[in-house]
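Numbering (this note's numbering), first residue to last: 4 to 288. Note that beta-carbon positions come from the ideal geometry of N, C-alpha and C, so glycine has one too. What you are looking at is a predicted structure, and each value in this text was computed from that prediction instead of being measured.
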Ligand code: NDP
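So this is what it looks like as structure tokens:
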């Protein structure tokens, strides 16, 4: 048989994108799986997104990740958008099926897999409180609703944005989703099973920022999750640990959205342990 030097290509389009750690994780995964695949971290300004997608098609890329500011804007350029990504209203992963490019959203699915595999919690029938109504929050809440959470309370600073998200979720998933205004300190209700910070509070460089919430009434065993991964040990994660509560940090979601991407692209199980290790090293934890 002749040699085959042709690599399969995937990558990420974003702006800014230079500090996005997904590439190191995926490249390590490809190497561990013995695949001649490359993950390219590519800066694409908003007015070049259409060209970039044409480039993806021309190169026959196996797929792409989208990050800020392209997750919504990319949707009209794709051949199909998966039902949950349509509900979320954003695509963070594109996969190729023949000549067709299909938009998926693996953020919420990655979060869910972390809840199940790392925290050992099945979200079905659970009462959830979630801070935030941005892109990450929409993805997480949609997947929790589709996974059968019995109640989701969305707490957001901007009432209009939170209320609009709740309306969308109710209409699209049929789940019991409620809105709570975030005025002053929010006391997490005692019957909450899963509490999620899906805001950017605690994200670098505001590493000392803590959501204005009171965990005092929380029952023992309430799972506290944070989507912020830079740094992963946010003040919320530290406070929950100090209170003796189980925690799931944002690294879990980041790893599993990558694991799901790897599996969608290659059709093979992902080397999860390698991906976790490499990401921890990249983020210095
Ligand atoms: P958005 O800008 O879309 O949404 C930000 C959310 O945070 C809004 O609900 C906003 O409220 C709220 N918020 C921000 N600052 C404050 C504040 N000081 N007080 C109260 N509320 C605040 O961001 P994304 O949803 O895209 O990202 C959110 C976080 O999720 C980021 O840290 C990002 O890194 C992380 N993320 C992690 C992933 C992972 O794999 N771990 C994947 C994707 C994102 P309001 O509506 O009132 O403005």
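Within the same chain, Cβ atoms closer than 6 Å to the Cβ of residue 222 are found at 193, the five residues on either side in sequence being excluded.
By the neighbour-count criterion, in which 16 or more other beta carbons inside 10 Å mark a residue as buried, residue 39 falls on the exposed side. In the DSSP assignment, residue 100 falls within the unbroken beta strand (DSSP E) covering 96-100. For residue 63, there is no enclosing beta strand (DSSP E), as DSSP marks it with neither H nor E. If you draw a 10 Å sphere on the C-beta of residue 255, you find 16 or more other C-beta atoms in it, and that means buried. In this structure, the C-beta of residue 230 approaches the ligand NDP to less than 7 Å from one of its heavy atoms.
In the structure shown, the three-state DSSP call for residue 154 is strand. The alpha-carbon separation between residue 109 and residue 197 amounts to approximately 20 Å.
Ranking 277, 6, 286, 57 by CA distance to the CA of residue 16 puts 57 first. Distance from residue 127 to residue 281 at the Cβ level is roughly 32 Å; contact not present, criterion being Cβ atoms closer than 8 Å.
Contact check for residue 75 against residue 92 passes: the beta carbons are separated by less than 8 Å.
Within the model, the alpha-carbon separation for residue 102 versus residue 219 is close to 54 Å. For residue 140, the Cβ falls inside the 7 Å cut-off from some heavy atom of the ligand NDP. Relative to the ligand NDP, the nearest heavy atom lies less than 7 Å away from the CB of residue 160.
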